[in-house]
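Going by this note's numbering, the letters in the sequence shown line up with residues 133 to 511, in that order. No residue lacks a Cβ here, since even glycine has one placed at the ideal position from N, Cα and C.
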Amino acid sequence: NMGYTGNVSILAFSVEKQSEEVESEFKSAQIELKYQLTRQEKDRLMYLDVLFWGVGHRSEPSNVLVVSDDLSPKPKVNFVPALVLLKEQENNILLVQPGNNPEGQALRDTVTSTWLWESLATGGSPLDGHSIEPAPAPACSETMSSLSSKFSAAETGVFWDLDGCPIPAGLSPVSIRANIKLALENMGYTGNVSILAFSVEKQSEEVESEFKSAQIELKYQLTRQEKDRLMYLDVLFWGVGHRSEPSNVLVVSDDLSPKPKVNFVPALVLLKEQENNILLVQPGNNPEGQALRDTVTSTWLWESLATGGSPLDGHSIEPAPAPACSETMSSLSSKFSAAETGVFWDLDGCPIPAGLSPVSIRANIKLALENMGYTGNVS
Numbered sequence: 133n134m135g136y137t138g139n140v141s142i143l144a145f146s147v148e149k150q151s152e153e154v155e156s157e158f159k160s161a162q163i164e165l166k167y168q169l170t171r172q173e174k175d176r177l178m179y180l181d182v183l184f185w186g187v188g189h190r191s192e193p194s195n196v197l198v199v200s201d202d203l204s205p206k207p208k209v210n211f212v213p214a215l216v217l218l219k220e221q222e223n224n225i226l227l228v229q230p231g232n233n234p235e236g237q238a239l240r241d242t243v244t245s246t247w248l249w250e251s252l253a254t255g256g257s258p259l260d261g262h263s264i265e266p267a268p269a270p271a272c273s274e275t276m277s278s279l280s281s282k283f284s285a286a287e288t289g290v291f292w293d294l295d296g297c298p299i300p301a302g303l304s305p306v307s308i309r310a311n312i313k314l315a316l317e318n319m320g321y322t323g324n325v326s327i328l329a330f331s332v333e334k335q336s337e338e339v340e341s342e343f344k345s346a347q348i349e350l351k352y353q354l355t356r357q358e359k360d361r362l363m364y365l366d367v368l369f370w371g372v373g374h375r376s377e378p379s380n381v382l383v384v385s386d387d388l389s390p391k392p393k394v395n396f397v398p399a400l401v402l403l404k405e406q407e408n409n410i411l412l413v414q415p416g417n418n419p420e421g422q423a424l425r426d427t428v429t430s431t432w433l434w435e436s437l438a439t440g441g442s443p444l445d446g447h448s449i450e451p452a453p454a455p456a457c458s459e460t461m462s463s464l465s466s467k468f469s470a471a472e473t474g475v476f477w478d479l480d481g482c483p484i485p486a487g488l489s490p491v492s493i494r495a496n497i498k499l500a501l502e503n504m505g506y507t508g509n510v511s
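If you want it as structure tokens, here you go:
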């Protein structure tokens, strides 16, 4: 789907011993399963295999796809500079992770495409949506207004941390929904609005009934960490699910600071790079909000949005003057389209999702690569 049509070979690395039945399924899927006794030994073996693949394919174009939850430096194992080096010789680098992390961000200039593991495992598209199909240059007459107005009628997904941004006194879920819709319409956003609220604190049956009447889906988790993780994943899945059309992502939260397996700032930056317009709501200004200044179109105070008010920066999606024409970057060379792809999969960090098998994983990886224009063999 991404334009990669060459052969695909897959190596999976694990500390946990699989059952004979599962090992048989890996064999049927033509996925080589490699065991090591410790995590450190497994990381080292995977690291060396990636390097040896790159060296072994130095005389021809090849694609290297790394599936791992942890690329942080370890003794004698440092994936980031290794992948940078491999790119410098005919290797096209692709990355798959359960979520975004600093190491993934450090590879942004090296990696052509980045998938969430849950997306690649089901044949989905990468976060950045880069395929290797030629992209037509935009017409010089295209204006900022045309770019902005495409979000006017687009659907808006609202992701609301109910604990950090509680309902202000005198308001209800129904009035909150109406006021959010009003605030968005005043800024030029007229499309459908869906709202998900996340909470640790259990609401009364009466309040839950009010949320239902307001068409706001209420999601509970037992801890703050679990709630943050669920909200983070739902934001990412929204962006991935709307990758083929413009959409608006509105995040309502009092805390966007990095946490284990949860980092909203780089995630929202990545979502903006594909058809997603990012809007932010917080109780007050904080460093994470400032870090998103170049990513976010508008920022509200929660008390203002909850009452239908305007954002702090006042940005609407009204027409703006046309920018000067400029030459666009060319797309990735098609020399990688039919090249072989080597997949290096950390099975412990990125386990097989429920309902899938090694055979379906292989088929879905192949499908996802083909959707991106990679049609060569896959190992």
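How would you label Asp360, buried or exposed, when you count the other beta carbons within 10 angstroms and need 16 or more for buried?
Looking up residue 360 in the sequence shown gives position 228. Per the 10 Å Cβ criterion, buried.
How about Gln357: is its Cβ closer than 7 Å to a heavy atom in the ligand SAH?
As for the ligand SAH, it is missing from this structure, which has no ligand bound.
Please report the straight-line C-alpha distance between Ile410 and Val199, rounded to a whole angstrom.
Start at 1 with the first residue of the sequence shown, and residue 410 comes out as number 278. Start at 1 with the first residue of the sequence shown, and residue 199 comes out as number 67. Rounded to whole angstroms, Ile410 and Val199 show a C-alpha spacing of 28 Å.
How do the stretch 169 to 184 and the stretch 501 to 508 stand: do at least 3 beta-carbon pairs fall below 8 Å, yes or no?
no
Could you give the uninterrupted runs of the alpha helix (DSSP H) lying entirely in the stretch 350 to 416, keeping only those of 4 residues or more?
356 to 373 and 396 to 404
If you follow the alpha helix (DSSP H) that Gln172 is in, where does it begin and where does it stop?
On the sequence shown, position 40 is the one that residue 172 refers to. For Gln172, the enclosing alpha helix (DSSP H) begins and ends at Arg171 to Gly188.
Three or more C-beta pairs under 8 Å: does that hold for the stretch 247 to 259 against the stretch 476 to 494?
A contact exists between the stretch 247 to 259 and the stretch 476 to 494.
What residue range does the beta strand (DSSP E) around Ser430 cover?
Numbered from its first residue, the sequence shown carries residue 430 at position 298. For Ser430, the uninterrupted beta strand (DSSP E) run begins and ends at Val428 to Leu433, by DSSP.
Cα-Cα separation between Glu155 and Phe476, rounded to whole angstroms
One-based indexing of the sequence shown puts residue 155 at position 23. One-based indexing of the sequence shown puts residue 476 at position 344. When rounded, the distance between both Cα atoms is 17 Å.
Our contact map puts Leu242 next to Val216 with C-beta atoms below 8 Å; I'd like the distance itself, whole angstroms only.
Taking the first residue of the sequence shown as 1, we reach residue 242 at position 110. Taking the first residue of the sequence shown as 1, we reach residue 216 at position 84. A small correction: the amino acid at residue 242 is Thr; Leu does not occupy that position in the sequence shown. Confirmed, about 5 Å.
So if DSSP puts Ala161 in a beta bridge, which residue, or which two residues, is it bridged to?
Here the question's residue 161 lines up with position 29 in the sequence shown. Partner(s): none; Ala161 has no beta bridge.
My output table needs one value for Gln422: the three-state DSSP class, helix, strand or coil.
On the sequence shown, residue 422 is found 290 positions in, with the first residue counted as 1. The answer is helix: DSSP assigns Gln422 an H, G or I state.
Ser331 to Glu337 span [Cα, whole Å]:
Here residue 331 refers to the residue found at position 199 when the sequence shown is read from its first residue. Here residue 337 refers to the residue found at position 205 when the sequence shown is read from its first residue. C-alpha separation (whole angstroms): 15 Å.
Hey, which unbroken runs of the alpha helix (DSSP H) at 4 residues or more fall wholly within the stretch 277 to 347?
Correct list: 305 to 318 and 337 to 345.
So, is Arg184 buried or exposed, given that buried needs 16 or more other C-beta atoms within 10 angstroms?
Locating residue 184 in the sequence shown gives position 52, counting from the first residue. The residue you asked about is not Arg; residue 184 is Phe in the sequence shown. It counts as exposed.
Taking the beta carbon of Gly289 as the centre, do at least 16 other beta carbons fall within 10 Å, making it buried, or is it exposed?
Residue numbering aside, residue 289 sits at position 157 when the sequence shown is read from its first letter. Gly289 is buried by the Cβ-count criterion.
Distance, Cα to Cα, Leu499 vs Ser376?
If you number the sequence shown from 1, residue 499 lands on position 367. If you number the sequence shown from 1, residue 376 lands on position 244. Whole-angstrom Cα-Cα distance: 17 Å.
Alpha carbon to alpha carbon, how far is Thr137 from Ala471?
Locating residue 137 in the sequence shown gives position 5, where the first residue counts as 1. Locating residue 471 in the sequence shown gives position 339, where the first residue counts as 1. Approximately 7 Å, taken between the alpha carbons.
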